[in-house]
Amino acid sequence: MYTDTLCTLDTGYYADTVEWCPVKGFEDYLVCGTYQLLENNEKNDGYAPCPEECSSVGNKRVGNVQLYCLSESRTRLEKLQTQETSGILDTKWLAKPLNDSAVLGAVTSDGELKIYFLREKLLVESTSYISSPEKLCLSLDWSLEDENSHIVVSDSGGQITLCKFNEGTSELCQVLQWSGHQYEAWITAFNAWNSSIVYSGGDDCLLRGWDTRTGCHKPTFTSKRHEMGVSSIQCNLAYEHIIATGSYDEKIHVWDDRNMTRPLCTSHPGGGVWRIKWHPNHGNTMLTACMYDGFHILQFNNNTGHQSLEKVVSYKEQATLAYGADWCRKHIQLARFSAQEFVEVDRNDELKRTDLFDESISDTQTDIVATCSFYDHALNLWTVSSAISR
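Just so we're aligned: 1607 in the working numbering is position 232 of the sequence shown, and the numbers increase by one with no gaps anywhere.
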């Protein structure tokens, strides 16, 4: 498996989130969210979202949502629009169209949940909802099952808020709000297979599950398996019951949601695990943004009784603080090659080049990836390719 950089763009403000649109017909569109703290109306040297920063007062947080389109050659990003906002902490696309448009959710440092509709190559703000006054909204997720899509939001006060669209409108209303964590709730996510179940992770080192049908007065489970703040959660769309979580403790745990007492397997990719993204087309590959250790792709082996998660390739171009990462949903590209070199990870986790000794013709499977690095204010477009023997 090997990587290749296609282009790098300067985002201006510090970049912390990238999301490819998953909606059919809109897969070429990418958003990048930025966040920066201004001190005395001057740019300082940058603040990452951390407990100390979340509690700071008297400083202005700014940011924007930048909309890009993948070029026809699939080698460049074309910038279409910049929407100025307060600091953006997370963005997520609704996985299905609404009124024939792709829909984006974004959460801000002003405690807002903003909704944008993608129309004629522009993001149009439709509505916003003050989810957490005087707090930072830190993450959001959309439900996948519901006819009337729900959104869950976490904030710097440890609260989790469940919202939905009012029936027949694009206006947001609050369904439920509860205290999930003692400190910052860095991440929240729906169970992709059961939208009544919500997960959350906090700076209190706790991973928790919630059943929204019960009012969320108490968690369905609490795990203390992570040793530092829980910062990422994502369900596997290919394997029901499989969930991955990441933490500042530099570990990724893969779980079976029917038994949250101990993980199926654990990997140590390096760096705090800020984002986890399972491959959208299959459940055996994972993309991660690992803060101070760059971006990694891991392979998940789901053999019953012998699950494993192993790092197979790393990408560290302009990755001073790796925060955002996502797979493009465009169809997998195939290329033919013979005896070309590829990159793999050796036993010391260092990249090395080896040759394919099999002279038979093989295929390569190539995916397009976008990542962003906070302090570098950099948005990178790159590919990852792996050999498929024939």
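Note that CB positions come from ideal geometry on N, CA and C, so glycine has one too.
{"Asked": "Just to confirm my understanding: we take ASN1723, look at its own chain, exclude 5 residues before and 5 after, and list those with CB closer than 6 Å. What are they?", "Found": "Its pLDDT being 39, under 50, ASN1723 is placed unreliably in this model, and the value from its coordinates should be taken loosely. Excluding residues within five positions, none has a Cβ falling inside 6 Å."}
{"Asked": "In the DSSP assignment, find the unbroken beta strand (DSSP E) run with ARG1650 in it and report its ends.", "Found": "1650–1653"}
{"Asked": "Run through DSSP, which three-state label would THR1563 get?", "Found": "strand"}
{"Asked": "Keeping to the same chain, check which residues put their C-beta closer than 8 Å to that of SER1446; ignore five residues upstream and five downstream.", "Found": "LEU1452 and GLU1453"}
{"Asked": "Among the residues of its own chain, which have a CB less than 6 Å from the CB of LEU1756, if the five just before and after it don't count?", "Found": "LEU1381, CYS1382, LEU1452 and ALA1745"}
{"Asked": "Going by C-alpha distance, which of ASP1668, GLY1669 and SER1683 is nearest PHE1675?", "Found": "SER1683"}
{"Asked": "Using the Cα positions of LYS1759 and ARG1449, report the straight-line distance between them to the nearest angstrom.", "Found": "According to the sequence shown, residue 1759 is Val rather than Lys. Going from the Cα of VAL1759 to the Cα of ARG1449 covers about 13 Å."}
{"Asked": "Taking all protein chains shown into account, decide if ASN1611 is buried (16 or more other Cβ within 10 angstroms of its Cβ) or exposed.", "Found": "buried"}
{"Asked": "Based on the DSSP output, what are the partners of TYR1574 in its beta bridges?", "Found": "ALA1564 and GLY1584"}
{"Asked": "Cβ of PRO1472 within 8 Å of Cβ of ARG1704?", "Found": "no"}
{"Asked": "Alpha carbon to alpha carbon, how far is ILE1463 from GLY1577? Give it in angstroms, no decimals.", "Found": "19 Å"}
{"Asked": "Suppose the cutoff is 6 Å on Cβ atoms and the five residues either side in sequence are ignored; what does the same chain contact list for ARG1436 look like?", "Found": "LEU1412, SER1461, GLY1462 and SER1484"}
{"Asked": "What separation, rounded to the nearest whole angstrom, lies between the Cα atoms of CYS1665 and ILE1535?", "Found": "24 Å"}
{"Asked": "Just mark ASP1721 as buried or exposed, buried being the case when its beta carbon has 16 or more other beta carbons within 10 Å.", "Found": "Here ASP1721 scores only 36 on pLDDT, less than 50, and its place in the model is too uncertain to base an answer on."}
{"Asked": "For HIS1616, tell me which candidate among GLY1646, ASN1634, GLU1625 and LYS1599 has the shortest Cα-Cα distance.", "Found": "ASN1634"}
{"Asked": "Taking its Cβ as the centre, do 16 or more other Cβ atoms sit within 10 Å of ARG1583, making it buried, or is it exposed?", "Found": "buried"}
{"Asked": "Let me confirm a value: GLY1621 is counted as buried when at least 16 other C-beta atoms fall within 10 Å, else exposed. Which label applies?", "Found": "buried"}
{"Asked": "Which residues in the same chain as THR1386 place their Cβ atom closer than 8 Å to its Cβ, once the five residues preceding and following it in sequence are excluded?", "Found": "CYS1407, THR1409, GLN1441, CYS1747, HIS1752, ALA1753 and LEU1754"}
{"Asked": "If you draw a straight line from the C-alpha of GLU1725 to the C-alpha of GLU1414, how long is it?", "Found": "Below a pLDDT of 50, predicted positions are generally treated as unreliable, and GLU1725, at 35, falls in that range; the measurement from the model is reported next regardless. Their Cα atoms are separated by approximately 40 Å."}
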